[in-house]
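Take a look at the structure set out below.
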Amino acid sequence: MKEQAETIDEILDRYPGEPRYLISLLQDIQAEHGYISREAMTLVCGHTGVPLSRAWAASTFYKSFSVEPRGEHTIKVCLGTACHLKGGTRLAEGLERELGVKSGCTTKDLRFSLDTVNCLGACALAPVVVLDEEYLPNTNSKKVKQSIKRLDAE
Ligand code: FES
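Here my numbering is used: the first residue of the sequence shown is -13, the next is one more, and so on.
Okay, here's the thing in structure tokens:
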């Protein structure tokens, strides 16, 4: 595995050192590292000339960016109207208890990040949970916990 600083240097080399490339650089770092570290942000600001405060504001505004390390697996619980009416909130609360973290957080062992989302566009399948890229339609706590245990055993 490459040192993180080397990889960030490689990402910086992909774009000219101009402010308009801030978001592209952050997207690439997010994709390769799973989050944007303070060190990475400082390097991006040095490269683009964007003030650190503006870069942090951008990285916290867009939900696709994370400034904290993320888990190996991501669990998204839909709390849109259809899923909420079919028990989405209970599912999220049960997962918080099971994993020992609040929504929006990552387990200490960095295995799982738990998030809630507003609508996954699959309302007819409510309640919906997404484990990594796998949709669990018409799901319940038991099915989600079984899927998590399966992932955890991999
Ligand atoms: S409300 Fe959950 S998928 Fe739309």
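Glycine included, every Cβ here is placed at the ideal spot set by N, Cα and C.
The closest heavy atom of the ligand FES lies 7 Å or more from the beta carbon of C91.
In this structure, T102 has its beta carbon at no less than 7 Å from each heavy atom of the ligand FES. Runs of the alpha helix (DSSP H) spanning 4 or more residues and lying entirely within the region 34 to 61 occur at 38 to 47, in chain order. Within its own chain, the residues whose Cβ lies closer than 8 Å to the Cβ of P5, once the five positions on either side in sequence are excluded, are T34, G35 and V36, listed in chain order. The beta carbon of C64 sits closer than 6 Å to those of G74, V103, L106 and V114, all from its chain and outside the five residues before and after it, given in chain order. At least one heavy atom of the ligand FES sits closer than 7 Å to the Cβ of G66.
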